[in-house]
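Chemist: Be aware that the sequence shown starts at 9, since it is given in my numbering, and climbs by one per residue.
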Amino acid sequence: MSKGHSGFRRKTRSKLRKHFRERSKFKVNRLLQKFSVGDKVLLNIEPSFHKGMFLPRFHGLTGIVQGARGKCYKVVIEDGNKEKIVIAHPAHLRKL
9 MSKGHSGFRR KTRSKLRKHF RERSKFKVNR LLQKFSVGDK VLLNIEPSFH KGMFLPRFHG
69 LTGIVQGARG KCYKVVIEDG NKEKIVIAHP AHLRKL
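Shown next, in the form of structure tokens:
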């Protein structure tokens, strides 16, 4: 029986790709961002930074910061009509 190919980045070829002019560019201030409870943020995956990356299914959604967990933040999002908590590194978040 063969092993399935179902990894974390499966079927994300276009979603986790940078524009050719943006490749190998990474701003350090994206890592050092600070958020407070109640801030609205955009979940936007930075493909070149793998730590604290959430499921690509939630890429492009907006949420509200609920608190911090280590270096990452807990973000509450609406998925359909359910509330879900996503734990993401500040490199993958943008303030709205």
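Think of the CB as a built atom: it goes at the ideal place given N, C-alpha and C, for glycine as much as any other residue. Since we're looking at a predicted model, the values are computed, not measured.
Considering Cα atoms alone, identify which of His58, Pro98, Lys11 is closest to arginine 77.
Modeler: It is Pro98 whose Cα lies nearest to the Cα of arginine 77.
Chemist: Select from Lys92, Ser56, Arg18, Lys35 the residue whose C-alpha is nearest the C-alpha of threonine 70.
Modeler: Comparing Cα positions, the closest option is Lys92.
Chemist: Should glutamate 30 go down as buried or exposed, given a rule of 16 or more other Cβ atoms within 10 Å for buried?
Modeler: Under this definition glutamate 30 is an exposed residue.
Chemist: Rank Glu54, Gly46, Leu50, Asn89 by C-alpha distance to the C-alpha of valine 36 and give the top, closest one.
Modeler: It is Glu54.
Chemist: If the criterion is Cβ atoms closer than 8 Å, does the pair leucine 104 and valine 49 meet it?
Modeler: Yes, Cβ-Cβ distance for leucine 104 and valine 49 is below 8 Å.
Chemist: According to DSSP, which residues form a beta bridge with isoleucine 93?
Modeler: Answer is Val84, bridged to isoleucine 93.
Chemist: For valine 94, tell me which candidate among Phe62, Asn52, Asp47, His13 has the shortest Cα-Cα distance.
Modeler: When only C-alpha atoms are compared, the closest one is Phe62.
Chemist: List the endpoints of the continuous beta strand (DSSP E) containing leucine 39.
Modeler: Where leucine 39 is concerned, there is no enclosing beta strand (DSSP E), although the alpha helix (DSSP H) it sits in stretches over 36–39.
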